[in-house]
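One structure is given here, and the rest of the page talks about it.
Numbering (the numbering used here), first residue to last: 6 to 291.
Structure follows, in structure tokens:
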């Protein structure tokens, strides 16, 4: 895997850091995308020390800001002539409804629109790889999604877990659409449920019911090492060569919810996502 290049978002902690470490250990060039440069650099140094692989780079990007994403893609395209693995790992859940620099609801923007936009911007590099893979971390939480296309950005009402579930359903719908559109090009797209992982995810919650629920559930969570297994598997294993459009749990395909299998939902979400990210305009001007 020495000539392979992998980009991982949210790579400075949790399953993202473990995934970056193990793919670096396997010999890949790893591009760690992080918002916090200080934490990202600390994680990068840990990975280099643990693996002996010096080809681990840190790229700063605030995935809630689409202009940052455009700049990230430009930097990657300038520094690399191909990309073998694009791994969308970053995700968040917000206790309160907040808006991004583009005026979009933050959970949807970071968890779904960022992967949507970044994937399109990096497709030219992926097309230059021999066996390119796109991997997105979703969640079993998608089964609790509401997915109201008339209120996709939770303007009428905001519930943290519903917003998160909607974004994770969007990950699966995007993956399935992407797999269909890229069929015949040799680019695979799969997504996964990592399990309930003991990380700092959701640590910003205060003493409300949601914060209490996460605190009580934490002892039952699995380790980041265990949670990263399926991401690593989909990014590197020969066993999934050519497999595309699937939702994985514990390294095995699993049928997602009926909403995730809906062609209407997939098509409508794609159309809205194109509008909210101005993807066609950006690709035309690129």
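All residues carry an ideal CB built from backbone N, CA and C; glycine is no exception.
Check                                                                                                                                               : Outcome
Measuring CA to CA, which of 120, 200, 190, 134 is closest to residue 144?                                                                          : 200
Leaving out five residues before and five after residue 148 in sequence, what residues of the same chain have Cβ atoms less than 6 Å from its Cβ?   : 262
CA-CA distance, residue 86 and residue 133?                                                                                                         : 8 Å
From the DSSP output, read off the bridge partner residues of residue 195.                                                                          : 140
Skipping 5 residues on each side, what residues in its chain have a beta carbon closer than 7 Å to that of residue 217?                             : Bear in mind that the predicted position of residue 217 carries a pLDDT of just 47, short of 50, making it unreliable; the figure below should be weighed with that in mind. Excluding residues within five positions, none has a Cβ falling inside 7 Å.
Quick one: is residue 242 buried, meaning 16 or more other Cβ sit within 10 Å of its Cβ, or exposed?                                                : exposed
Taking the continuous beta strand (DSSP E) assigned at residue 253, which residues delimit it?                                                      : 252-254
Measuring alpha carbon to alpha carbon, tell me which of 240, 172, 279 ends up nearest residue 88.                                                  : 240
Buried or exposed: residue 282, going by 16 or more other Cβ atoms within 10 Å of its Cβ?                                                           : buried
Should the region 96-105 be called in touch with the region 27-47, which here means at least 3 C-beta pairs below 8 Å?                              : no
Just grab the DSSP bridge partners of residue 110 for me.                                                                                           : 104
Compute the Euclidean distance between the alpha carbons of residue 127 and residue 83, then round it to the nearest angstrom.                      : 11 Å
Ordered along the chain, which non-local residues of its own chain (more than five positions away) have a Cβ less than 6 Å from that of residue 27? : 237
Using the three-state DSSP reduction, which class does residue 128 fall into: helix, strand or coil?                                                : helix
Once DSSP output is grouped into helix, strand and coil, what is the label at residue 123?                                                          : helix
Would you say the region 151-162 touches the region 109-127, given that touching needs at least three Cβ pairs under 8 Å?                           : yes
Is the distance from the Cβ of residue 106 to the Cβ of residue 74 below 8 Å?                                                                       : no
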